[in-house]
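Following the numbering used here, the numbering of the sequence shown begins with 60 at its first residue and continues without gaps. Glycine residues also receive a C-beta, built at the ideal position from the N, C-alpha and C atoms. All of these numbers come straight from a predicted model, not from anything done at the bench. First up is the structure itself, then whatever we jot down about it.
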Amino acid sequence: KTYSFDISSNFDGGWFSESGAPLEVYFFEREEDLDDKQCSAFLGDGICNFQLNIFDYNFDSGDCCAATCDETRCGYGTMKKAFDTDVANGYGYQECRDSAMVAITIYLNSVFREEVLFGQDITFADADPRDPL
């Protein structure tokens with residue numbers, strides 16, 4: 060019986076998040092070696108890390124709110140449902156806890172689903188031309 064385990068042997072294949080996005084993996088030899096330089100590598104990377112989503116870390120350097128995140132991956136893969144429709148990889152900011160952010164409500168008059176529109180027997184060629192001016 061052994062009590063040692065080489066965790067790096069589990070990284071032959073990739074690791075993925077629940078949404079299917081590839082995860083970056085970091086190893087640190089000893090916890091004592093961790094300092095602000097190593098930990099800050101996760102701040103401001105566009106991924107909202109719940110452990111860093113507190114005031115002391117400036118809410119993951121803004122990664123958790125739409126108005127403060129400025130990376131390309133901001134909010135990606137966090138939405139699973141929109142307008143009662145399952146979505147594969149929607150953008151969202153459900154974990155925004157920054158008290159400086161103010162909630163807004165957007166009212167939509169109508170929402171259409173593309174498959175409903177294109178499932179009808181209407182073609183755009185049959186439509187009357189309109190003057191855009």
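Can you give me the start and stop residues for the alpha helix (DSSP H) that Asn168 sits inside? Run containing Asn168: none; DSSP gives neither H nor E here.
Residue interval of the alpha helix (DSSP H) (run including Asp119): Asn117 to Ser120
Under 8 Å between C-beta atoms of Gly119 and Leu102: The question names Gly, but residue 119 is Asp in the sequence shown. Cβ distance < 8 Å, so Asp119 and Leu102 count as in contact.
Limits of the unbroken beta strand (DSSP E) element including Gly149: Thr144 to Tyr150
Environment of Ile106 [buried if 16+ CB atoms lie within 10 Å]: buried
Does the beta-carbon of Gly121 have 16 or more other beta-carbons within 10 angstroms, so that it is buried, or is it exposed? buried
Sorry if obvious, but does the Cβ on Asn168 come closer than 7 Å to a heavy atom of the ligand NAP? Ligands displayed in this structure: none; no statement on the ligand NAP is therefore possible.
Whole angstroms are fine: how far does the CA of Tyr166 sit from the CA of Arg132? 26 Å
Taking the C-alpha atoms as reference points, what is the distance between Val161 and Gln110? 22 Å
Compute the Euclidean distance between the alpha carbons of Asp157 and Ala80, then round it to the nearest angstrom. 25 Å
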